[in-house]
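Worksheet: one structure, shown below.
Chains as they are written, first to last, in the numbering used here: chain A, 5 to 237; chain B, 7 to 123.
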């Protein structure tokens, strides 16, 4: 009976909401960046599922309902963009060049480092679009011949890195302007980084949301081109 | 609230329609973001209609990524085999991208500001 219930949406939805609410409480209590609610929730749910020997597929029945809300949330990012359009348009040149530089550096360093460290062809290709939002990254990887499910996982992990230490790292290296910081974190860590930037500053959050779209567009265009340049790899 | 959610989902639907109809590699939700921007600019959609729904979704944006992240557990074996290459490339590249993007944007913005003075 319990197994039947676990395979209904009720289980995955309830588990995700409760664990996330607890993780948020922990984050508010400690205020420590390492207790980032997304990273803590993911880790806690994985440990719970493994300990109870519940397959991911059973969890995903409910998890998919929560994942579904990501779609309208990406559409919703259009509103802060519209509200802050004057400030963003005033910096359109630096923003476009900044994201393009970030997109190229992301592809070259991610696949280059994996290649230097002896990564297999699949891993190198799957890592290349790691900074791009999940649906675009999967589209790109299917085109160049990597493993789409691995890319989806790497994209989320990359997002967690930016969400956990993006703003702190930016301040450390002297990037303090909200536009520059939002652009940096959004370009490197897509939606998960953007969620953190929305907490930090509304303008930084709006620019970070813009960076998700721009980096996705630019990477979708230049990644196949770059791999073609290195001889189809 | 209900009206706002309806508008966002309709725009995502239209975005999917464009993405699939023209076989564009850009997902429907990203096209939907552009459509919302255009609809607001053109005055077809009023800010007040969507504000509440947007605030609700964006204040919980991080939560919606949790199930995708849990999906990592399916690829543990694969990641374990090449963990050094994967972890190093992912972590180092993420920091380098933030630094380059932030510095380039700041430098260009500053230079342009200096010209304006």
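Beta carbons: idealized from backbone N, C-alpha and C, even for Gly.
Please report whether the beta-carbon of residue 136 of chain A lies at a distance below 8 Å from any beta-carbon of chain B. Not one beta carbon of chain B lies nearer than 8 Å to the beta carbon of residue 136 of chain A.
Quick one, which of A/115, A/86, A/132 and A/207 has its alpha-carbon nearest residue 56 of chain B's? Nearest to residue 56 of chain B by C-alpha distance, out of A/115, A/86, A/132 and A/207, is A/86.
With 8 Å set as the bound, which would you pick, yes or no: does the beta-carbon of residue 98 of chain A sit closer than that to a beta-carbon of chain B? yes
Local conformation of residue 121 of chain A per DSSP, three classes: coil
Just by C-beta distance, which residues in the segment 68 to 85 of chain B are closer than 7 Å to chain E? As a matter of chain content, chain E is missing from the structure shown, whose protein chains are A and B.
Of all Cβ atoms in chain B, is any one closer than 8 Å to the Cβ of residue 248 of chain A? It is not possible to answer for residue 248 of chain A, since the shown part of chain A is limited to 5 through 237.
Inter-residue Cα distance where the pair is residue 17 of chain A and residue 113 of chain A: 37 Å
Would you identify the three-state DSSP class for residue 33 of chain B, choosing helix, strand or coil? coil
Taking 8 Å as the limit between beta carbons, can you name the residues of its chain near residue 163 of chain A, skipping five residues before and five after? 42, 193, 194, 195, 196 and 197
Does the pairing of the segment 111 to 131 of chain A with the segment 85 to 101 of chain B give three or more beta-carbon distances under 8 Å? With a cut-off of 8 Å on Cβ pairs, the segment 111 to 131 of chain A is in contact with the segment 85 to 101 of chain B, counting three or more such pairs.
Closest by CA to residue 65 of chain B, which one among A/58, A/183 and A/76? Looking only at A/58, A/183 and A/76, the smallest Cα-Cα distance to residue 65 of chain B is reached by A/76.
Which of the residues in the segment 14 to 41 of chain B, read from start to end, lie with their CB under 8 Å from any CB of chain A? 14, 15, 17, 18, 21, 31, 32, 33, 34, 35, 36, 38, 39, 40 and 41
Integer-rounded CB distance, given that residue 33 of chain A should sit under 8 Å from residue 210 of chain A: Rounded, the Cβ-Cβ distance is 29 Å, inconsistent with contact.
Cβ of residue 118 of chain B within 8 Å of any chain A Cβ: yes
Who are the neighbours of residue 108 of chain B on chain A, taking C-beta pairs under 8 Å? For residue 108 of chain B, the C-beta contacts it makes with chain A under 8 Å involve 102, 174, 177, 179, 184, 185, 187 and 188, in order along the chain.
Which of the residues in the segment 75 to 96 of chain A, read from start to end, lie with their CB under 7 Å from any CB of chain B? Against chain B - using a Cβ distance shorter than 7 Å - the residues of the segment 75 to 96 of chain A are 75, 76, 77, 78, 79, 80, 81, 82, 83, 85, 86 and 95.
Does DSSP classify residue 28 of chain B as helix, strand or coil? coil
Residue 13 of chain A CB to nearest chain B CB: under 8 Å? no
How many Å lie between residue 107 of chain B and residue 47 of chain B at the Cα? 28 Å
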